[in-house]
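Below: the structure, in C-alpha cells.
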C-alpha cells in the first residue's frame, strides 16, 4: 500500500509525517552503515498524541513502525523497510528535575540531560560513554556506562515510563503498576507492543 498525502493529512498531526525522498534517505541508514532500508514515511512527532495516531493508522493498514533515537544502532535495528520510522529526536524536552528524579522525553540526549542536571549540582547515576545518544534509545537497549558496576544498567534507575502500545493507547507503567509492560519496554528495543 502506498501512503498518500491525503491519508497523512487526515491524521491531523501537530508534527509531520513525511514521504519526501530526502527525509526517507536520512533514516535509511544508521551508525553501522551495514544495513540500509528506506521506509515509507518518517514521523516527526510533536506530542505523544502524534505517535498514538500514527500507530493506530499503521495498525489499521498493516504498516510496520519502528522508533529511532539518534540512529546509533549498528545493524539496522532502528530502520523499517517499507514502514514508518518515528524520529524521536523531535520529542526531546527535559520536563522536571528534582533531587531524586527527572522527567524527560525519549528523544532527549544524555548530553542535554547532563547539562540540565549539572545546573542543579546533580548527575544521573549511570551515563553512557557517548553522551550524544538518546535516553529512549539507550533505555530500549539496556544502557550501561562507567558506573554500572555500582548502579546497574540505566534501565535499573527508571521509576516510571509512559508507553504507547501498538494499538495507539498510552499507558503509564512502573514496577508496581502494569509491571509486565514496564519490563517489556525497558531493553525491549522499542518493539514491545
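In the UniProt record's numbering, the protein residues as written are 1 to 193. Glycine is no exception: its CB is placed at the ideal position from the N, C-alpha and C atoms.
(Q) Is residue 120 close to the ligand ADP? I mean its beta-carbon at under 7 Å from any heavy atom of the ligand. (A) This structure does not include the ligand ADP; it has no bound ligands of any sort.
Q: Would you check if the region 43-50 and the region 6-25 touch, i.e. whether three or more CB-CB distances between them fall below 8 Å?
A: yes
**Q.** Best match in 98, 127, 37 for proximity to residue 148 [C-alpha to C-alpha]
**A.** For this step, residue 148 is matched to residue 148 along the chain shown. The candidate whose alpha carbon is nearest that of residue 148 is 127.
Q) Looking only at its own chain, which residues have a Cβ that is under 8 Å from the Cβ of residue 120, when we skip the five neighbours before and after it? A) The residue given as residue 120 occupies position 120 in the chain shown. Result list for residue 120: 97, 99, in chain order.
Q: Take residue 72 and list the residues in its own chain whose beta-carbon comes closer than 6 Å to its own, dropping the five residues that flank it on each side.
A: Indexing the chain shown from 1 puts residue 72 at position 72. Closer than 6 Å at the Cβ level, and outside the excluded window around residue 72, lie 31, 133.
**Q.** In DSSP terms, what residue 147 is bridged to
**A.** Residue numbering aside, residue 147 sits at position 147 when the chain shown is read from its first letter. Beta-bridge pairing links residue 147 to no other residue.
Q) For the candidate residues 122, 95, 88, 115, whose alpha-carbon lies nearest to that of residue 228? A) Residue 228 is absent from the model: the chain starts at 1 and stops at 193.
Q. Among the residues of its own chain, which have a CB less than 8 Å from the CB of residue 141, if the five just before and after it don't count?
A. For the purposes of this step, residue 141 is identified with residue 141 of the chain shown, where counting begins at 1. Only 187, 189 meet the Cβ criterion.
Q: Run the CB neighbour count on residue 34, radius 10 Å, all protein chains shown included, and call it buried at 16 or more, exposed below.
A: Taking the chain shown and counting its residues from 1, one reaches residue 34 at position 34. That one is exposed.
Q: Spatial neighbours of residue 59 within its chain, please: CB distance less than 8 Å, with the 5 preceding and 5 following residues excluded, ordered by chain position.
A: As a working note, residue 59 is residue 59 in the chain shown. Excluding sequence neighbours, residue 59 sits near 166, 167, 168.
Q.
Let me check understanding here. Comparing Cα to Cα, which of 82, 68, 157, 56 lies closest to residue 101?
A. The count along the chain shown starts at 1 and reaches residue 101 at position 101. Measuring from the Cα of residue 101, the nearest candidate turns out to be 157.
Q) What do you get for residue 45, buried or exposed, if any count of 16 or more other CB atoms within 10 angstroms of its CB means buried? A) In the chain shown, the residue the question calls residue 45 occupies position 45. So residue 45 counts as buried.
Q: Please list, in chain order, all residues of the same chain as residue 95 whose beta carbon is under 7 Å from its beta carbon, the five residues on each side excluded.
A: Residue 95 sits at position 95 when you count from the first residue of the chain shown. Cβ neighbours of residue 95 beyond the five flanking positions: 103, 104.
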